[in-house]
Structure formats: structure tokens, C-alpha cells
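Enquirer: Numbering (our numbering), first residue to last: 33 to 110.
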């Protein structure tokens, strides 16, 4: 899989060398759902899923949130 096809979550997991099958097992998320969250930019990551993933990989949930939302900004005010 090419990194340009990964979502921000997919890039984060790849950078940390996280085993997605292990995360799926620990979180109760299906392997398919985790795969879609990692490669499909139209997949919407729910906050409860983000929190479970952070717990499973022993990461700070705020760090993971920042990593997946890095490009989100407030609209410019006129």
C-alpha cells in the first residue's frame, strides 16, 4: 500500500508500525472497519473509535486526535 493512499489515521498507524489486526482485536472494531478508516478518506472516524484505538496502542488520545485533525482549521473571518 502506498502512503499517498492512506488517511491521516492510516499514516499515524503506519508511522508507529502498529499492527491493525491486533488493534482490531483489542478494540472490538472489525478489521474491515479499521482498514476503511486507514485507507478510505470518506470514512468518518467516530470519537469513540478514536478513543478505543488510542487505548489499544497506548497512545494519548489527544495526540491521536491532533494527528488525524492536523489540517482542520477555523474558517477565515472577514
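From the three backbone atoms N, C-alpha and C, an ideal C-beta is built for every residue, glycine too.
Using 8 angstroms as the limit for Cβ to Cβ distance, is residue 44 near chain D?
Expert: Absent from the structure: chain D. Only one protein chain is present.
Enquirer: Using only CA atoms, which one of 110, 48 and 83 lies nearest to residue 60?
Expert: 83
Enquirer: If the criterion is Cβ atoms closer than 8 angstroms, does the pair residue 70 and residue 38 meet it?
Expert: yes
Enquirer: Can you have a look at residue 77 and say buried or exposed, based on whether 16 or more other CB atoms are within 10 angstroms of its CB?
Expert: buried
Enquirer: Measuring only the C-alpha atoms, how far is residue 41 from residue 99?
Expert: 7 angstroms
Enquirer: Smallest Cα separation from residue 85: which of 105, 106 and 62?
Expert: 62
Enquirer: Of all the options 67, 73, 109 and 50, which has the alpha carbon lying nearest to the alpha carbon of residue 101?
Expert: The shortest C-alpha separation from residue 101 is found at 73.
Enquirer: Any idea if residue 55 is buried or exposed, counting beta-carbon neighbours within 10 angstroms, 16 or more meaning buried?
Expert: Counting Cβ neighbours within 10 Å, residue 55 comes out buried, since at least 16 surround it.
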